[in-house]
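The working numbering runs 1108 ahead of the 1-based position in the sequence shown.
Note that beta-carbon positions come from the ideal geometry of N, C-alpha and C, so glycine has one too.
Every value quoted in this text rests on a predicted model; they were computed, and no experiment measured them.
Contents: one structure, followed by commentary.
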Amino acid sequence: MAIIKSVKVSSRLDLDLEVGVDAAVDSTLTYLTLPISMKSQLGALEKVSEFSVKDEDGLTHSIEGFNAFYSSVEFVDAPKGYAPRIGHTALSQSLAVIGSRGYFLIKENLIRLPGMRA
């Protein structure tokens, strides 16, 4: 069963443009991964780095119910119908952790280790 969360993405260079998507949590990926077709909807983007295989741009994004943060987003040449994915770096930057049974996200500051006082 996949965890699906709403994510809002906006460029720091053009704050009026914001795109909302439903994204699946995929801890095998690093970044928030979006189809390249969404790139034009976000206007001017701040270039973070460019490699031969991937193109990263810095965007502000917030996962529903968690902290907003500025980070790299990977745009991929994906087939039609590709669902955006939330990678493990995006999760940790928003202070989200996959719940113990893998069906939900919890805020990292709510985690209690055995023997810790509340």
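May I ask which residues mark the beginning and end of the beta strand (DSSP E) holding residue i?
i     : result
L1213 : 1213-1215
What's the gap between the Cα of residue i and the Cα of residue j?
i     : j     : result
G1173 : R1209 : 19 Å
A1198 : S1179 : 8 Å
V1115 : V1133 : 11 Å
R1120 : Y1211 : 32 Å
L1140 : I1171 : 10 Å
M1146 : A1186 : 11 Å
According to the neighbour-count rule (16 or more other Cβ atoms, all chains shown, within 10 Å of its Cβ), is residue i buried or exposed?
i     : result
K1215 : exposed
P1192 : buried
G1189 : exposed
S1118 : buried
Whose CA, out of the options, lies closest to the CA of residue i?
i     : options                    : result
V1129 : H1196, S1179, H1169, V1184 : H1169
A1131 : K1188, P1187, A1110        : A1110
V1184 : T1138, K1113, Y1211        : T1138
L1153 : S1202, Q1201, D1122        : D1122
Give every residue of the same chain whose Cβ lies closer than 6 Å to the Cβ of residue i, excluding the five residues on either side of it in the sequence, and list them in chain order.
i     : result
N1175 : S1202, L1203
D1124 : none
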